[in-house]
Amino acid sequence: MHIIELIFSPLLALLIGVFFLGLARKVMARIQWRYGPPVTQPLIDIIRLLSQKSASHGVAFNIGLVMSLAGSLVITLFLPFGKIAPMSNSGGMLVILYLMLIGPLGMAISSGESANPNASIGISRKLLLAMGYELPFLLVVLALMTAYNTTSITEIVSLQRDTGWSMFTFPLVLSGIAYLLILPAMLGVRPFEVVNAPQEISSGPLVEYGGPYLALATLQHALAFFIGISLFVNLMWGGAANPVIFFLKMLVVFFLGIFVNAVFPRLRIDQAIRYLWRWPSLIAFAGLILVCVTGS
Amino acid sequence: MDRNQLKKWFQNPVKMAHKYSLHVVYFCTGCGIIEIPPSITARWDAERFGIIPVATPRQASLFIIAGYVSLKTLRSIIRTYEQMPEPKFTVSLGSCPINGGMYYDSYNTIKHLEKYIPVDGMIAGCMPRPEAIFVGVTHLWTLIDKDMADGYKRYRSNYSAYRANQEKILGKLEWPPLFPIHGEE
Amino acid sequence: MLKQELETTFDNITIRMEKKNQLELSITKDGIMSVLSFLKNKGYDHLHVISCVDWIDDKQLELVYILSAYMKQDVPGETEQLNILLKTRIGRDDPKYITSIALFPAAEPYEREIHEMFGVDFLGHPRLTPLLLERDYDIPPFRKDFDTKQYVDDVFGSVPSVEGEDKN
Amino acid sequence: MRELELYYGPQHLGMVGNFSLTLQVEGDKILKASANPGYLHRGFEKLMEKRSWIKNFPMVCRINVIEPDSMEMIYSMGVEKLAGIEVPERAHFIRSIFLELARVGSHLFGLWAYANMLGFDTVAQWAMYHRDLVLDLFEELTGGRVYHIYIWPGGVRRDFPEGFKDKIVKTLHTIGGCVPDYDSTFFNNRLFYERACNVGKVSRAEAMEMGGVGQVIRATGMAYDIRKVEPYAAYDRVPWNVPTRKEGDAFSRIWIVRDEMIESVHMIFKLLDEMPEGNVYNRIPNPFKWRIPEGEAYVRCESSRGELGLYMVSDGGKEPYRAHFRTPSYSHGLTVLEKALEGANISDVGNIMMSLYVVAPEIDR
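Sequences listed follow chains A, V, X and F, in order.
Counted from 1, the first sequence has number 370 at position 149 by this note's numbering; the numbering is strictly sequential.
Counted from 1, the second sequence has number 230 at position 140 by this note's numbering; the numbering is strictly sequential.
Counted from 1, the third sequence has number 18 at position 11 by this note's numbering; the numbering is strictly sequential.
Counted from 1, the fourth sequence has number 173 at position 71 by this note's numbering; the numbering is strictly sequential.
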């Protein structure tokens with residue numbers, strides 16, 4: 222049973238991530254008065270990309286890409302998806318926080334090798350943005366860990382079953398708001414879509430990726446999307462015992478993200494950092510103090 | 091998706107994926123570009139068929155050359171085409187890439203695009219309307235189905251002739267040949 | 008008003024005003040800069056275009072500076088909008104002229120284009136690099152003796168079609 | 103910091119036409135920009151010398167793909183001025199209505215390009231949809247979607263068909279009904295303000311000496327509009343305003359575009375009300391034998407991007423001896439843009455460029 226879960230949960234994460242990408246395109250199209258592509262479109266794209274031949278730009282180019290994808294895949298093992306949680310008892314939040322850095326870092330190594338100025342600008346933006354949201358995110362996670370007195374996600378989820386969603390329990394309200402404010406940045410949707418801005422830097426780090434490499438990068442993007450939403454649902458919206466309910470909760474968060482995506486332009490990177498380090502960080506800090514003061 | 095299509099998906103998923111996931115690098119060389127925005131936006135919505143514009147040639151599989159090609163553009167067209175991963179398809183819009191169109195006596199536009207890079211489909215008209223563009227795309231689908239959209243293979247087999255033509259018009263090209271040229275090995 | 012001032016200030020200037028809103032001035036080639044700065048001080052501060060006409064029968068190139076007053080429209084009394092066409096002719100063989108960038112920075116791309124299309128050298132221009140064209144042409148292409156049809160037949164007509172291309 | 107040389111274009115998403123910029127970049131800051139046009143050069147002015155006066159109409163409208171109508175207008179004006187042709191009163195009104203419709207369409211295209219550059223896909227798609235509604239009107243009137251060849255020397259090609267006025271009103275009401283939507287999602291959006299305010303600033307003195315026209319100088323507080331200063335067509339028959347703003351940055355230029363669109367719509371309604379009955383064109387001589395007397399003319403009109411000029415010389419022959427178009431994007435794209443990009447952030451290149459509304463085919467001709 223455990224083995225099956227180990228194999229099954231990354232695949233499920235990939236599937237849901239790709240489905241979310243397709244759904245995002247469909248929903249965006251409907252907001253823009255269009256019919257939109259079929260929901261399976263990203264899957265078709267991935268099949269097409271895998272069958273194309275493309276140039277590699279060196280060993281680090283390949284290794285970085287695989288490293289980034291593998292890092293994201295490993296995270297999904299630690300994240301409970303309803304009851305499916307193969308490795309969430311070992312490790313916990315700290316491991317996830319550590320692994321979350323591997324994704325951007327691997328992309329940085331990989332696209333740095335391609336030696337395209339657009340890629341280097343894009344990757345510097347990506348790392349800056351990661352720095353931007355890591356600070357409030359860490360504060361939020363600290364507040365959670367202090368409030369629940371544990372670092373294990375499964376325990377945080379099961380504790381929420383008794384107390385209600387942590388977003389709506391008294392001392393964690395502020396942290397919940399801060400998390401909601403940085404969620405678009407973590408998902409990489411507009412107004413924080415600065416990394417891949419096609420109109421500004423020709424899709425940034427992905428500029429030299431083609432064929433199978435782009436397929437892997439797309440999968441990594443899908444996984445990042447999945448992880449961002451799943452983490453939020455687990456930490457703030459009480460997770461779920463049932464995978465179906467968990468999925469529905471994820472859908473709600475996903476729609477929130479897409480609606481924000483549809484009505485905003487993208488910010489400049491300096492404006493994005495300034496925003497992330499001002500209000501969300503302040504609120505998260507206040508939330509942490511609140512938790513420490515009122516906590517047991 | 092009708093049953094016939096489903097069968098095709100099972101028989102040859104790669105070919106079907108090529109048909110329904112044409113990522114386009116639009117080369118806005120000319121008037122043609124004016125009908126591209128309507129065809130990819132709300133009115134005609136090319137994304138229904140999986141056609142979306144991408145920013146770099148590496149990610150693309152369809153190359154749309156939208157209009158007359160001036161000499162300066164030809165250089166970047168060749169570079170872009172050679173950077174695209176195979177299999178790749180080329181479609182040109184308008185009468186000008188076919189035979190020069192109304193610029194038949196212009197000193198700065200090339201007259202026959204297919205002498206410099208292989209072209210899989212040419213959509214005539216000045217300008218082709220969005221409907222015509224979609225008719226062209228459906229025609230390209232038929233070609234892909236029948237394995238006749240083989241421009242990239244022809245480019246490979248006739249590379250020395252293509253390269254000679256390119257160098258004849260542009261002078262010595264500054265980048266190395268993509269494939270080995272006959273007689274030099 | 009402007010007409011009389013121009014006539015008194017400059018000796019060898021011909022002034023014609025045949026069409027509405029349009030004042031045509033002709034002057035010998037050394038007088039252009041002084042007329043331009045005179046007009047600029049008078050408020051004709053917007054350089055629309057520098058054009059060039061190839062009068063092949065006279066073996067001359069004609070440079071045309073077109074100016075009008077933008078700021079002046081608020082000044083009372085000057086109700087009529089004038090477009091001033093200031094013309095001068097230079098020799099067609101080995102044409103050289105002085106740049107007017109110091110007076111009008113907007114002139115920069117126009118002079119570059121005329122250099123490229125008519126082969127006029129503007130002395131003192133900071134970058135007379137090619138602007139629009141890719142190939143080198145023996146005769147600058149906008150001159151009247153450059154036959155486009157002939158050129159097209161020679162250059163593009165001689166490119167052979169690639170083998171196997173007629174399959175489709 | 104390391105200095106980088108970054109190539110922007112020639113092919114670039116969201117850019118209108120091929121146009122390339124070479125940027126000297128230090129970090130995120132642009133030290134120097136140099137424009138590199140010529141990707142769309144066809145040598146129109148040379149080709150026009152080989153074609154008869156009337157055959158040149160298909161040529162001139164292809165110089166600017168976004169708004170071909172002002173090109174037709176300026177060429178007709180030039181020919182009329184050289185040959186001394188009068189235009190009937192009704193034709194003046196039809197021309198004005200037609201040109202204002204074209205201006206609305208062109209501005210919507212500009213809004214698409216600008217919104218697309220900022221990553222504002224939703225608004226971009228709406229704008230393109232609304233432009234298509236305007237193109238439908240053109241198609242019914244002239245038979246062509248993009249290129250119309252509707253304005254001729256001596257008037258316009260044909261009168262409005264039955265019920266066309268109502269269709270114009272209906273379409274404009276549809277578009278005008280969405281102005282609140284546009285306002286709330288785009289023009290009053292705080293993030294648009296953040297992105298565009300104080301970006302690409304061009305002061306009035308700079309704009310004047312660099313040859314800026316149109317929105318560029320109107321955004322610096324100067325109400326200069328050829329339609330007011332040197333009225334052509336029927337622009338002096340109805341009252342209307344020139345929208346201006348003071349700041350001179352990208353934000354004010356885009357707001358002027360919006361205000362101009364609304365002003366154009368109001369102007370069309372007024373023109374439709376006051377349109378007289380009568381003939382719509384005066385006959386011109388047999389176009390195949392048409393010779394135009396010797397002379398030269400400089401005419402100008404206001405296109406959607408600013409002042410458009412045409413210098414034309416006739417030697418009394420069947421063809422123009424020389425025609426030179428002074429297009430607004432020429433100075434905007436080559437001098438004003440280079441100036442405005444100095445010291446700007448690298449994310450703002452497209453932002454500044456599209457707020458200047460640089461249309462590449464106009465530069466190259």
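Where is the CB? At the ideal position from N, CA and C, for every residue including glycine.
Let's test the definition: count the other Cβ atoms within 10 Å of the Cβ of Arg-411(A) and tell me whether it reaches 16, buried, or not, exposed. buried
What are the complete alpha helix (DSSP H) segments, minimum 4 residues, inside the segment 255–294 of chain A? Qualifying alpha helix (DSSP H) stretches, in chain order: 262–271.
Going along the chain, which unbroken runs of the beta strand (DSSP E) with 3 or more residues stay wholly within the segment 465–496 of chain A? Here no run is fully enclosed.
Could you check the C-alpha separation between Leu-233(V) and Asp-223(F) for me, to the nearest Å? 33 angstroms
Taking 8 angstroms as the cut-off, does the segment 117–124 of chain V touch the segment 164–181 of chain F (at least 3 CB pairs, one atom from each stretch)? yes
Drop a sphere of 10 angstroms on the beta-carbon of Ile-319(F), count the other beta-carbons inside from all chains shown, and report buried for 16 or more, exposed for fewer. buried
Please report the Cβ distance between Ile-200(V) and Val-159(V), rounded to the nearest whole angstrom; I am assuming they are in contact, meaning their Cβ atoms lie under 8 angstroms. The Cβ separation is near 5 angstroms, so the contact holds.
Would you report the Cα separation of Val-248(A) and Asp-130(F), rounded to the nearest angstrom? Cα to Cα, the separation comes out at about 34 angstroms.
Which of the three DSSP states is assigned to His-143(F) in this structure? coil
Within 10 Å of its beta-carbon, does Ser-168(X) have 16 or more other beta-carbons around it, so buried, or fewer, so exposed? Counting C-beta atoms within 10 angstroms of its own C-beta, Ser-168(X) has fewer than 16 neighbours from the protein chains shown and is therefore classed as exposed.
When the Cα atoms are used, what is the spatial distance from Glu-398(F) to Tyr-337(F)? 25 angstroms
Assess contact between the segment 357–369 of chain F and the segment 153–164 of chain F, defined as three or more Cβ pairs (one per stretch) separated by less than 8 angstroms. Is contact present? no
Who are Val-181(V)'s beta bridge partners in DSSP? Ile-154(V), Gly-211(V)
Is there at least one Cβ from chain V nearer than 7 angstroms to Tyr-141(F)'s Cβ? yes
Residues bridged to Tyr-383(F) by DSSP? Per DSSP, the beta bridge partners of Tyr-383(F) are Gly-257(F).
Where Ser-433(F) falls, given that 16 or more other Cβ within 10 Å makes a residue buried: buried
For a contact defined as C-beta to C-beta under 8 angstroms, what are the partners of Ala-250(A) on chain V? Asp-135, Glu-137
Residues within the segment 400–429 of chain F neighbouring chain A, beta-carbon criterion of under 8 angstroms: none
Taking Thr-155(X) as the query, report the chain F residues whose CB atoms sit under 8 angstroms from its CB, ordered along the chain. Listed along chain F, the residues sitting closer than 8 angstroms to Thr-155(X) by beta-carbon distance are Gly-145, Lys-148, Leu-149, Lys-152.
If we define contact as Cβ-Cβ less than 7 angstroms, is Glu-274(V) a contact residue for chain F? Confidence at Glu-274(V) is low in this model, with a pLDDT of 47, below 50, so the placement of that residue is unreliable and no value is reported for it.
Contact list for the segment 238–251 of chain F against chain V, Cβ threshold 8 angstroms: Those residues of the segment 238–251 of chain F that come within reach of chain V (Cβ to Cβ, closer than 8 angstroms) are Arg-247, Val-248, Tyr-249.
Who are Met-414(F)'s beta bridge partners in DSSP? Ala-399(F), Ala-425(F)
If you follow the alpha helix (DSSP H) that Lys-162(V) is in, where does it begin and where does it stop? 161–173
Taking its Cβ as the centre, do 16 or more other Cβ atoms sit within 10 Å of Met-414(F), making it buried, or is it exposed? buried
Is the shortest distance between the beta-carbon of Gln-420(A) and the beta-carbons of chain F less than 7 angstroms? Yes - at least one Cβ of chain F is within 7 angstroms of the one on Gln-420(A).
Does DSSP classify Arg-96(X) as helix, strand or coil? Note: Arg-96(X) maps to strand in three-state DSSP.
Does Pro-83(X) pass the burial test, meaning 16 or more other C-beta atoms within 10 Å, or should it be called exposed? Because Pro-83(X) sits at a pLDDT of 49, beneath the cut-off of 50, its placement in the model cannot be relied upon, and the following sentence gives the value as read from the coordinates. Exposed, by the Cβ-count rule.
What are the boundary residues of the alpha helix (DSSP H) that includes Pro-223(V)? Looking at the sequence shown, residue 223(V) is not Pro but Ile. Unbroken alpha helix (DSSP H) run through Ile-223(V): 220–235.
Determine the chain X residues that contact Ser-433(F) at a beta-carbon separation under 8 angstroms, and present them in chain order. Per Cβ cutoff of 8 angstroms: Ala-113, Pro-116.
Assuming Lys-94(X) contacts Leu-32(X) under a Cβ cut-off of 8 angstroms, what Cβ separation, rounded to an integer in Å, is found between them? 7 angstroms
Write down every uninterrupted run of the alpha helix (DSSP H) in the segment 292–346 of chain F whose length is 4 residues or greater and which is fully enclosed by it, in chain order. 292–298, 306–312, 317–320, 328–331
Can you give me the start and stop residues for the beta strand (DSSP E) that Glu-69(X) sits inside? 67–75
I need the straight-line Cα distance from His-223(A) to Pro-307(A), nearest angstrom please. 6 angstroms
Tell me the DSSP secondary structure of Tyr-104(X) in three-state form. strand
Could you check which residue in Pro-190(F), Gln-317(F), Asn-300(F) has the C-alpha nearest to that of Pro-345(F)? Gln-317(F)
Is the beta carbon of Asp-450(F) sitting closer than 7 angstroms to the one on Val-301(F)? yes
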